[in-house]
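The structure under discussion appears below in the form of structure tokens.
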Amino acid sequence: MFLDQIGRVSQWEKAINAFHAMNEFDIYITGSNADLFSNDLSTFLAGRYVEILVQPFSYKEFIELYPTSNFNDYIIFGGIPSISLFNLDYKYSMNVLRDSFNSAIYQDIINRYNIRNTYALEKLIYYIFENTSQTFSALSISRYFKSEKINISVDTILIYVKNIEDAFLIYRVPRNDLEGKRILKTEEKYFVADHGIREAIIGFNTSRIELILENIVFIELIRRGYDVYIGKVGDREVDFVAIKDNKPSYYQVSYLMENEETRNREFASLKDIKDSYP
Numbered sequence: 345m346f347l348d349q350i351g352r353v354s355q356w357e358k359a360i361n362a363f364h365a366m367n368e369f370d371i372y373i374t375g376s377n378a379d380l381f382s383n384d385l386s387t388f389l390a391g392r393y394v395e396i397l398v399q400p401f402s403y404k405e406f407i408e409l410y411p412t413s414n415f416n417d418y419i420i421f422g423g424i425p426s427i428s429l430f431n432l433d434y435k436y437s438m439n440v441l442r443d444s445f446n447s448a449i450y451q452d453i454i455n456r457y458n459i460r461n462t463y464a465l466e467k468l469i470y471y472i473f474e475n476t477s478q479t480f481s482a483l484s485i486s487r488y489f490k491s492e493k494i495n496i497s498v499d500t501i502l503i504y505v506k507n508i509e510d511a512f513l514i515y516r517v518p519r520n521d522l523e524g525k526r527i528l529k530t531e532e533k534y535f536v537a538d539h540g541i542r543e544a545i546i547g548f549n550t551s552r553i554e555l556i557l558e559n560i561v562f563i564e565l566i567r568r569g570y571d572v573y574i575g576k577v578g579d580r581e582v583d584f585v586a587i588k589d590n591k592p593s594y595y596q597v598s599y600l601m602e603n604e605e606t607r608n609r610e611f612a613s614l615k616d617i618k619d620s621y622p
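Sequential numbering from 345 applies to the sequence shown in this note's numbering.
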């Protein structure tokens with residue numbers, strides 16, 4: 345039994361518990377808000393469910409779906425399955441992605457959390473999408489908003505960012521001090537769940553390819569089951585510290601390393617790490 349977007353049905357948990365008691369079904373339920381699963385499922389179905397986070401298509405899946413496509417197409421269109429009906433027609437695909445984006449904002453954020461300052465929320469989402477894979481803080485966002493004559497507190501920004509995360513539109517990635525072995529509280533990074541939606545909302549993915557590549561690598565790492573952090577070694581940064589089975593591996597993402605200076609910069613932080621992990 346498959347039940348899609350179950351959180352939009354009032355008292356859904358009673359029906360699920362009744363079906364479960366019948367012991368006649370494998371039951372699959374979906375939702376588009378993390379808050380539904382972290383709170384409601386643990387309350388109503390404790391010990392009787394397994395949570396599976398579903399990602400958009402990887403590049404491998406993308407080229408299986410579009411055999412004549414290339415990596416540049418993936419950078420533009422991303423991995424949302426619903427656009428496959430239009431066979432990579434840019435106009436229609438972007439319309440579908442914008443509709444999905446708007447639906448997530450209004451149904452899974454604004455309506456769910458009763459947000460009144462929708463203008464500030466939308467500006468915040470646009471800001472994060474524009475600056476995906478770059479470090480910033482709620483305080484820096486607040487300063488940007490003040491320069492745009494938008495009055496919103498740091499606390500409200502933090503609440504809104506958590507709401508956007510819970511709607512699976514973005515991921516927050518903390519920084520990990522590899523020397524002090526501690527999680528840092530400032531200058532986190534945010535990645536979009538699907539870079540095709542970023543193209544539909546912001547545009548120009550190919551002109552910001554270095555950001556999109558980093559986003560693609562991040563999503564691929566979590567798809568493969570890693571816990572992912574941004575690494576800090578002294579005053580240098582490691583793009584990703586990926587941990588699985590308590591063993592880290594380190595990643596740098598670069599679009600071009602066309603001269604010796606760039607190569608030295610990209611590898612310097614990796615050489616500063618004092619362990620023998622890959």
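In this text, a Cβ means the ideal position worked out from N, Cα and C, and glycines have one as well.
Thr606 sits exposed, since fewer than 16 C-beta atoms from the chains shown fall within 10 Å of its C-beta. In the three-state reduction of the DSSP assignment, Asn431 falls in the coil class, being assigned neither a helical nor a strand state. Under the Cβ criterion (8 Å, minimum of three pairs), the segment 467-485 counts as touching the segment 536-546. Sequence-distant Cβ neighbours of Tyr457 in its own chain, meaning closer than 6 Å and more than five residues away, are Asn507. Runs of the beta strand (DSSP E) spanning 3 or more residues and lying entirely within the segment 533-586 occur at 571-577, in chain order. In this structure, the alpha-carbon of Leu468 lies about 45 Å from that of Asn367. Relative to Ser551, the option among Tyr599, Asp583 and Phe562 whose CA is nearest is Tyr599. Around Leu409, the same chain offers Ser428 as residues with beta carbons nearer than 6 Å, after the five sequence neighbours per side are excluded. Of the residues Met601, Gln355, Gly375 and Tyr488, the one whose Cα lies closest to the Cα of Asp348 is Gly375. Each of Ile556, Phe369 and Gln478 was checked against the Cα of Tyr534, and the nearest Cα belongs to Gln478. Note on geometry: alpha-carbon atoms of Gln451 and Arg519 lie some 31 Å from one another.
Membership of Ser593 in the beta strand (DSSP E) is indicated by the continuous run Lys591 to Tyr595. Per the DSSP secondary-structure output, Val517 pairs in a beta bridge with Lys533.
The Cβ atoms of Ser437 and Phe415 lie no closer than 8 Å to each other.
Ile496 and Arg487 have their C-alpha atoms spaced approximately 10 Å apart. Ranking Phe548, Ile373, Asn361 and Glu509 by CA distance to the CA of Phe346 puts Ile373 first.
A straight-line Cα-Cα distance of about 13 Å links Val597 and Glu564.
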